[in-house]
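Trainee: Provided herewith is a single structure, encoded as structure tokens, for subsequent inquiry.
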Amino acid sequence: MKIFITGTSSGIGYGLAKKYLEDGHEVFGVSRSESEELNKFEKFHFIPQDLTDFKYAEINISNMHKKNEVIDLVILNAGILNEIKDMSQTTVEELKKSMDVNVWGNKVALDAALNMAEVKQVVAISTKAAVRGNRGWNAYAISKSAFKMMISLYAQEYPHTHFCSLAPGLIDTNMQDYLTNLPDDERFPSIDRLKAAKGTDKMPSPEEAADMLSEAIEKVRNHESGSFVDVREM
Ligand SMILES: NC(=O)c1ccc[n+]([C@@H]2O[C@H](COP(=O)([O-])OP(=O)(O)OC[C@H]3O[C@@H](n4cnc5c(N)ncnc54)[C@H](OP(=O)(O)O)[C@@H]3O)[C@@H](O)[C@H]2O)c1
């Protein structure tokens, strides 16, 4: 398979890229920093690119792909978290920054792939935060909610491509390091659940989770294109 993943330098994107490469697939990756571990694989093609540099992201990602090739799977995974705090304390600039990476950066990457290639499946890495309104998740929740809607809209435009928003469950990444190291704060009870899961099998490492996630990515094809699916409810 040919697989294109945004955000391969760490976390879920790294874990999935490594798993697919170990299984012999060809992986195209993009993030700002690179992974020396992934670079060791002959079938790993990487460009260092900030997805929020929209113009160059589009040009450079298009150049990664050959015209009219088949891309079996696009995983829109790159994302950032905001500081956990109240909406009223969050600036418009902070909201825009999350939108730029989590929504528009992935849109530019997706458009570049769709314009160059025949894409069979698109998986947008989502989160329960896209559908819950838990206090403190402000820019992240808003951007992931918009991202989920964007995927539903693409699904209607590309009937031959399967789209889904996939919530991966809790995975022990940089994002969870930040969240689980926050001081206790009764305003944000949703963080307590993450702290309790850290270091247990409820929060596997990206490499431990990669098999489960790649199976989920296969199974989501049984759901209607454009759906939101949570791996914990499959
Ligand atoms: N971990 C969880 O429990 C969890 C749960 C639900 C959803 N998610 C979602 O999973 C996805 C991956 O997050 P993670 O937990 O694996 O965190 P992570 O380790 O911080 O990974 C984020 C990835 O996104 C890339 N990225 C960030 N900003 C970028 C930019 N401007 N341009 C290009 N690439 C950029 C990062 O690479 P560079 O910094 O090198 O650019 C990195 O490879 C996110 O969409 C997140 O919302 C995670």
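Per this note's numbering, the very first residue in the sequence shown carries number 19; after that it's consecutive.
Backbone N, C-alpha and C fix where the C-beta goes; we use that ideal spot for every residue, glycine too.
None of these values were measured; they are calculated from a predicted model.
Hey, would you say residue 64 sits closer than 8 angstroms to residue 47, going by beta carbons?
Mentor: Against a cut-off of 8 angstroms, the Cβ pair of residue 47 and residue 64 comes out as a contact.
Trainee: I'd like the span of the beta strand (DSSP E) that includes residue 67, first residue to last.
Mentor: Run containing residue 67: none; DSSP gives neither H nor E here.
Trainee: Measuring only from the beta carbon, is residue 39 closer than 7 angstroms to any heavy atom that is part of ligand 1?
Mentor: Residue 39 Cβ: outside cutoff for every heavy atom of ligand 1.
Trainee: Per DSSP, which one or two residues make a beta bridge with residue 24?
Mentor: Answer is 48 and 94.
Trainee: Taking C-beta to C-beta, are residue 116 and residue 158 nearer than 8 angstroms?
Mentor: Yes, they are a contact pair.
Trainee: Give the DSSP-derived three-state secondary structure of residue 102 in the structure shown.
Mentor: If DSSP states are grouped into helix, strand and coil, residue 102 belongs with coil.
Trainee: What does residue 180 pair with, by DSSP beta-bridge criteria?
Mentor: Beta-bridge pairing links residue 180 to 139.
Trainee: Would you mind listing the alpha helix (DSSP H) stretches within the stretch 171–245 that are 4+ residues and don't spill past its ends, in chain order?
Mentor: You should have 192–198, 208–215 and 224–237.
Trainee: Quick one: give me the first and last residue of the alpha helix (DSSP H) that residue 72 is part of.
Mentor: Segment 72–82, the alpha helix (DSSP H) holding residue 72.
Trainee: Following a CB-centred definition, is residue 151 positioned closer than 7 angstroms to any heavy atom of ligand 1?
Mentor: Residue 151 Cβ: outside cutoff for every heavy atom of ligand 1.
Trainee: List the residues that DSSP assigns as beta-bridge partners of residue 247.
Mentor: Paired residues: 184.
Trainee: Examine the Cβ distances between the stretch 169–184 and the stretch 194–204 and report whether three or more of them are shorter than 8 angstroms.
Mentor: They do not touch, by the three-pair rule.
Trainee: The alpha helix (DSSP H) spanning residue 129 covers which residue range?
Mentor: From DSSP, the alpha helix (DSSP H) with residue 129 extends over 124–134.
Trainee: Is there at least one non-hydrogen atom of ligand 1 closer than 7 angstroms to the beta-carbon of residue 272?
Mentor: Outside the shown range of the chain, which is 19 to 252, sits residue 272, and nothing can be said about it.
Trainee: Note down, in chain order, each residue of its chain lying with its Cβ closer than 6 angstroms to the Cβ of residue 25, except the 5 sequence neighbours on either side.
Mentor: Result list for residue 25: 31, 49, 95 and 96, in chain order.
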